[in-house]
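Worksheet: the structure to be examined is printed underneath.
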Amino acid sequence: MEIEEPPGDIPHDPHPHAESPRAVALLALTALGVVYGDIGTSPLYAIRECFFGPHRVPVSEANVLGILSLVFWTLIIVVTLKYHVYVIRADNRGEGGILALTALVRSHVGRARLRWFVVALGLFGAALLYGDGMITPAISVLGAVEGLSVTAPALTGWIVPISVAILLALFAFQKHGTAGVGAVFGPVMLLWFVTIATLGVWGILREPGVLRAVNPVHAFHFFAANGFAGFLVLGAVFLVATGGEALYADLGHFGELPIQIDWFGLVGLSLLLNYFGQGALVLTDPEAAHNPFYRLAPEWGVYPLLVLATAAAIIASQAIISGAFSLTRQAVQLGYLPRVEIIHTSASKIGQIYIPVVNWALMIATVGLVLGFRSSSNLASAYGVAVTATMVITTLLAYFVTRRIWGWSAWRAVAVTGAFLLIDLTFFGANIIKVAQGGWLPLLIAALILVVMTTWERGGELLAAGAGRSLPIESLIADVERGSVARVPGIAVFLSGDATRIPTALMHNLKHNRVLHKQNVFLTVQNEEVPYVPEDERVRVEELGPSFHRIVARYGFMEDPDIPKVLKDARGRGLEIDRGIPTYVLSRNVVLPAREPSIARWRERLYILLLRNSVRPTQFFRIPPNQVVELGRQVSM
293 MEIEEPPGDI PHDPHPHAES PRAVALLALT ALGVVYGDIG TSPLYAIREC FFGPHRVPVS
353 EANVLGILSL VFWTLIIVVT LKYHVYVIRA DNRGEGGILA LTALVRSHVG RARLRWFVVA
413 LGLFGAALLY GDGMITPAIS VLGAVEGLSV TAPALTGWIV PISVAILLAL FAFQKHGTAG
473 VGAVFGPVML LWFVTIATLG VWGILREPGV LRAVNPVHAF HFFAANGFAG FLVLGAVFLV
533 ATGGEALYAD LGHFGELPIQ IDWFGLVGLS LLLNYFGQGA LVLTDPEAAH NPFYRLAPEW
593 GVYPLLVLAT AAAIIASQAI ISGAFSLTRQ AVQLGYLPRV EIIHTSASKI GQIYIPVVNW
653 ALMIATVGLV LGFRSSSNLA SAYGVAVTAT MVITTLLAYF VTRRIWGWSA WRAVAVTGAF
713 LLIDLTFFGA NIIKVAQGGW LPLLIAALIL VVMTTWERGG ELLAAGAGRS LPIESLIADV
773 ERGSVARVPG IAVFLSGDAT RIPTALMHNL KHNRVLHKQN VFLTVQNEEV PYVPEDERVR
833 VEELGPSFHR IVARYGFMED PDIPKVLKDA RGRGLEIDRG IPTYVLSRNV VLPAREPSIA
893 RWRERLYILL LRNSVRPTQF FRIPPNQVVE LGRQVSM
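Number 874 in the working numbering belongs to position 582 of the sequence shown; there are no gaps in the numbering.
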């Protein structure tokens, strides 16, 4: 799952950079609990699914070495080369993630059809991540708690209730923020990776010959011996790479160096050692294949390992939930989702946001998955489809970056993209077989979210086109200067989506009240396709006449608009108005079904439903409600 906001105690710095070894070390430690939580818990179930899942292969020396070879080269090629070396460079002013990448590519594509294709790809990738975000907490927590079947088989029946209780507590805690516990995420994950590495070494010492699997010849022999069954097991092998998108998504919070230090210095090696240790155990004891992770630990260490694994699963789930919050905020700011309530749980930490509607939707879906699938093995059948599809989309979007931004030649861009795309499509093909076994669920969720996104965007465009028929602001100023409009004392701030046209609220005010305030400010919020806008470029003030000013406030998709602050900043940038309390005049649109709608009737009804349930502008833009006047109008699409 793509993780856009860290749940930990991260400084409010949109472009973090370390200036000392200590700062680098702190960021690297914090990143362990955010970036690598998902991929770090994959050892709980990945190897098991290869030998104990629905597409399992028999335990034999050739199969074990073949699978370990596939695991090794998957981590090297997909996670290391593709994400740590290639994709991580395709940042949007330091920010990563599928929507950040989409916005970056869109801003460099001129042709309308190609721009539409890029946006469609990006939106579908973002929609897929919601489906993945529902599965990841469920499979991680279930995989950890299933250690009870090893330590205390009599408690096997309690695995699902305990998992549900953990998830309910986790989601209920979200409204309090994670600043208090975020500081321990990194140290816990550090202990986790050291532990699984140690267990892996212990297993390898039992059967050192397992290290032969680094030779890719064993992978080729595996496919030759198993045929189509060997291809299907790639769906389980791919589980070792889930979470690879996270390191790219969190680029803006940690920077490239701390993320690279974690992977090359600890995480990658720990995962490989543990996977090879599990493989060695399966070679010496084929019966351990039903849960090689916990069987790898000595008998006295299984209970502590169960506690540590559960803590790691909770941390991984927390990162996924926080990522869903941030993904939603980005989509809202870019105009792909309706306004939602965004609660900041910390005054100083940019990662501390809470979106109630997303939290409860994820909770219902995640708990439903646990109750419906009842085991991590069953959930693994639904896992991977969304992730592989997102990886394919990331590879395609990265191609546009190489050509349009990096200036690569066509042959070089096609060669690199083709190589990664071949691997991505191979894994996608192995995972798409899982559709009938549960893989349909994330695809269905993604399709529904994509419909919502495209409907909201298209509906907003149609309403904006209708508003664009209003007169230019200059014509109003000319009438006022001729003295044809009565004036009343005070300051009025009119919010408008088009900085060049008369705001709809002002048109209605003149039509019904036939008066105009002594001083008038036309304020437009522009959402840019960059993560952050520098403070010195945030506000632009223009004097249109003796009592008219235009303000354009620019925000990135990782920022939240604050209209009162904009007005305060504008006073320091040439806005000369009285110091009185301003009145914010807003237009409230009531959209009614049209006789002949411009979009499909069902999409029109969906847009109306979304609009009615979106957060009011006063709340979203942080406008004091006792300073607001709303003028309603009825419109149709």
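Built from N, CA and C at the ideal position, the CB exists for glycine as well. Computed from a predicted model, the values in this text were never measured in an experiment.
Query	Result
Integer-rounded CB distance, given that A862 should sit under 8 Å from V831	5 Å
C-beta contact flag for D852 and I634 at 8 Å	yes
The region 831 to 842 in contact with the region 874 to 885 per 3-pair CB rule at 8 Å	no
Simplified DSSP state of P764, which is helix, strand or coil	strand
Nearest-angstrom Cα separation, counted from A317 out to S906	42 Å
Three-pair Cβ contact test at 8 Å for the region 473 to 489 versus the region 661 to 679	no
L391, DSSP secondary structure in three states	helix
Sequence-distant residues of its chain with Cβ nearer than 6 Å to L558 (five each side left out)	F485
H961 - partner residues in DSSP beta bridges	For residue 961 there is no data in the structure shown, the boundaries of the chain being 293 and 929.
Short Cβ contact (8 Å threshold) for I794 with L768	yes
Assigned secondary structure, H347 (DSSP; H/G/I helix, E/B strand, else coil)	coil
Sheet register partners of L923 (DSSP bridge)	S879
Beta-carbon gap between V833 and G848 smaller than 8 Å	no
Nonlocal neighbours in the same chain, by C-beta distance under 6 Å from P874, ignoring five residues either side	I783 and V785
Nearest neighbour of R925, chosen from W703, R750, V772 and S879 [CA to CA]	S879
Coarse secondary structure for L884, derived from DSSP in three states	strand
Reduced DSSP secondary structure (H/G/I, E/B, other) of H400	coil
Classification of L524 by the beta-carbon crowding that lies within 10 angstroms, buried from 16 upward	buried
Close beta carbons around V780, own chain, < 8 Å, minus the five adjacent residues each side	V807, L808, H809 and K810
Bridge-paired residues (DSSP) for E835	H841
Alpha-carbon to alpha-carbon, P764 and L367	58 Å
Beta-carbon proximity check, L815 vs I843, cutoff 8 Å	yes
Backbone secondary structure at T637 - three-state DSSP	coil
Collapsed DSSP secondary structure at N651 in the structure displayed	helix
Close beta carbons around M358, own chain, < 7 Å, minus the five adjacent residues each side	Per the sequence shown, residue 358 should be read as Gly rather than Met. Only H510, A511, H513 and F514 meet the Cβ criterion.
CA nearest to the CA of A320, picked from D542, W408, S432 and S441	D542
As assigned by DSSP and simplified to three states, the class of F913	coil
Environment of T682 [buried if 16+ CB atoms lie within 10 Å]	buried
The alpha helix (DSSP H) enclosing E579, as first and last residue numbers	No alpha helix (DSSP H) contains E579, which DSSP labels as neither H nor E.
Rounded separation between I380 and S455 - CA only	34 Å
Beta-carbon proximity list for I725, same chain, < 7 Å, skipping 5 on both sides	L524 and G527
Same chain, Cβ closer than 6 Å to N355, five either side skipped, listed in chain order	V349
Same chain, Cβ closer than 7 Å to A489, five either side skipped, listed in chain order	L561, S562, L565 and N566
Exposure of H468, with buried meaning 16 or more beta-carbon neighbours within 10 Å	exposed
Nearest-angstrom Cα separation, counted from G789 out to V371	42 Å
With 16 other Cβ atoms within 10 Å as the buried cut-off, status of Q818	exposed
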